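Read left to right, the sequence shown gives residues 166 to 587 (the working numbering). Quick notes on the structure that follows.
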Amino acid sequence: MKMLFGAFFVLLCHWVSFGQSSPYILTLEQAVQAALENNPRYLEAKYEVAASKASYWSAISLPQPSFEISYNFVPQGAGLSQYDENNIGVSQSFDFPTLYFLRASVADYTTDQKINRLELVRNKLIHKVKQSYNKLLMLKYKVMFTEQILSVAQELHTKIERKTILGESSKLESLTASVQYTEAVNNLAIAKNDLQLAKAELINILGPEKFKNSGILLVDSLYVDASPLDFSELLDAVNKTNPQISEANVLKELAATEKKISWHSLLPAFTLSWYKQSRGGNTNFYGASLGLSFPLWFMFENRGKIAEATAKYSIAEQQVRTVNNDLVLQLEEAYAIFKNADKQKALYSNTLIPQSQTVFEIALKSYIEGEASYLDFLQANRLLHDTRNGYIQSILNQISAALTLEELSSITMVKTRQQELK
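Shown next as structure tokens:
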């Protein structure tokens with residue numbers, strides 16, 4: 166038992182299998198790839214990037230030109246074909262030239278924002294896959310240890326019933342053993358139910374259309390890189406690589422550009438026209454015109470646009486601060502949880518697990534030999550059960566916090582080992 170228990174907690178290299186005889190074999194990398202190929206939210210974000218890139222050309226496009234043909238001074242009741250005095254022309258309107266450069270910048274910033282949003286969705290999805298993958302592994306081991314507890318409880322329950330029949334054990338001891346056995350059965354049912362829920366959660370992330378009707382075989386186990394962590398390095402990585410910060414800064418630049426556009430709306434727009442004219446059978450005439458459109462009522466519409474754009478820029482500035490503050494807080498919380506879980510894991514591994522295992526073995530041997538009461542054994546059994554659960558939870562907390570630090574900083578902290586399938 167010691168070798169089995171130690172192998173799990175030191176190496177974490179076992180596998181989990183569910184369902185049919187030919188399940189999908191999934192490393193963590195394959196699970197991540199499956200999620201990226203099938204997750205609708207990630208695919209939606211990819212299409213949003215493509216749509217934003219396509220909108221660039223419409224952002225800088227000129228208005229449609231207008232074509233015109235006109236006949237002038239035609240007598241009442243006469244047909245147009247009887248008169249050759251006409252104008253055929255084309256007109257093109259356009260805004261002040263700098264506006265097109267600014268609109269191009271808006272289109273570029275919008276695409277950058279979508280790209281950062283895609284990266285953010287990707288990071289969150291990968292984080293979710295890794296968390297679910299690891300949770301499933303931990304629950305598998307919890308089921309395994311709960312089955313061991315049930316096996317011991319069942320064996321003792323059977324022995325105590327025999328002793329009770331022979332008059333060698335009290336009725337109270339028999340009832341207590343029965344309660345412990347029933348509790349162990351219930352705990353196993355709860356653990357298996359949690360395992361199935363975790364399986365369903367992972368399948369839903371990976372793509373239920375592909376994996377729902379098939380088994381999955383997890384062949385990787387996760388562990389945290391033992392290299393030391395420095396909070397300042399993590400914070401620096403967050404500031405440089407986190408897509409939330411990049412997105413907030415892009416939105417700030419976008420708001421600044423839209424603010425410039427609102428001020429440029431005070432500049433005139435232009436209309437150029439060219440005409441080919443015919444008169445008296447002579448078609449060699451032409452005409453041209455230049456029109457200017459001034460925002461004479463700027464104190465109404467344009468004034469409101471400028472005030473709105475200025476306010477939106479101020480909002481974007483504050484959002485940058487908010488995002489930075491939130492990320493620093495998340496980093497501090499995850500770092501504190503990681504450090505505490507790391508200490509808890511070491512305490513369980515080096516002290517509590519070996520001690521509780523020894524106490525259990527001594528109590529079991531002493532009870533069988535009649536040197537300890539059943540209550541003494543129950544206490545030792547409960548101690549081992551709680552210690553194992555605490556150890557599993559400390560590993561889960563450590564890896565969960567490390568994955569959060571990974572998501573925030575883009576620094577790889579959680580690695581995988583693969584067990585050869587037998």
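In this text, a Cβ means the ideal position worked out from N, Cα and C, and glycines have one as well. Everything numeric in this text was worked out from a predicted model, so none of it was measured.
Residue i by DSSP, collapsed to three states: which one?
i    : result
G257 : In the sequence as displayed, the identity of residue 257 is Gln instead of Gly. Three-state result, Q257: strand.
S186 : At S186, the pLDDT of 43 sits below 50, so the modelled position is not reliable and the matter cannot be decided from this model.
L267 : helix
N407 : coil
A537 : coil
D277 : helix
S231 : strand
L431 : coil
I502 : helix
L121 : The chain is shown from 166 up to 587; residue 121 falls before or after that span and cannot be answered.
D359 : helix
N204 : coil
L570 : helix
L382 : strand
P150 : Since the first and last residues shown for the chain are 166 and 587, residue 150 lies out of range.
L337 : helix
S479 : helix
L394 : coil
S575 : coil
K364 : helix
G469 : helix
Q241 : coil
G555 : helix
S531 : helix
S521 : helix
L331 : coil
S226 : coil
S220 : coil
K377 : coil
Whose C-beta lies closer than 6 Å to the C-beta of residue i among residues of the same chain, with five residues either side of it excluded?
i    : result
P230 : V255 and Q257
N562 : A506
Q227 : With the sequence shown as reference, residue 227 is identified as Leu, and Gln is not the correct amino acid for it. If we look at L227 and ignore the five residues flanking it on each side, its Cβ neighbours are F259.
Q509 : S559
A499 : A566, T569 and L570
Y532 : F542
V214 : K279, I280 and L283
Y221 : A272
Quick one: residues in its chain with C-beta nearer than 7 Å to the C-beta of residue i, no 5 flanking neighbours on either side, listed in chain order?
i    : result
K580 : Y388 and D390
K328 : S334
R206 : V286
E418 : Y274
K424 : A474, T475 and Y478
Q310 : The sequence given here places Phe at residue 310; Gln does not occur at that position. Within the same chain, F310 has close Cβ partners R553.
K357 : V308
H429 : F261, T263, L264 and L267
N281 : P408, S411, E412 and V415
L315 : A349, V350 and L353
S270 : T422
I564 : N299, L387, V389 and V579
H550 : I314
Name the DSSP beta bridge partners of residue i, please?
i    : result
W439 : V255 and A453
Y388 : K580
S458 : A434
Y236 : N251
R444 : N447
Can you list, in chain order, the residues of its chain whose CB lies under 8 Å from that of residue i, leaving out five sequence neighbours each side?
i    : result
E312 : L353
I370 : A200, N204, L290, K293, V294 and S297
F376 : Y189, A199 and I368
Q495 : T569 and L573
S223 : none
T577 : D390 and E571
How about residue i: is its C-beta nearer than 8 Å to some C-beta of chain B?
i    : result
T552 : Judged by its chain identifiers, the structure shown contains no chain B, having just a single protein chain.
Could you tell me if the beta carbon of residue i falls within a distance shorter than 7 Å of some heavy atom in the ligand ADP?
i    : result
I368 : With respect to the ligand ADP, the structure offers nothing, as it holds no ligand at all.
So residue i packs on residue j, CB below 8 Å; how close in whole Å?
i    : j    : result
T406 : S575 : 4 Å
N252 : I234 : 7 Å
- Task: Would you check if the segment 447-455 and the segment 406-420 touch, i.e. whether three or more CB-CB distances between them fall below 8 Å?
- Result: no
- Item | Contact the segment 542-559 vs the segment 378-389: 3+ CB pairs below 8 Å | no
- Message: Using a Cβ distance threshold of 8 Å, determine whether the segment 197-215 contacts the segment 279-296, with at least three qualifying pairs required.
- Response: yes
- Task: Would you check if the segment 494-506 and the segment 289-309 touch, i.e. whether three or more CB-CB distances between them fall below 8 Å?
- Result: By the C-beta criterion, the segment 289-309 is judged not to be in contact with the segment 494-506, since fewer than 3 inter-stretch pairs fall below 8 Å.
- Task: Count the CB pairs spanning the segment 510-520 and the segment 469-483 that are closer than 8 Å, and state whether there are at least three.
- Result: no
- Query: Three or more beta-carbon pairs under 8 Å between the segment 360-370 and the segment 534-541, yes or no?
  - Reply: no
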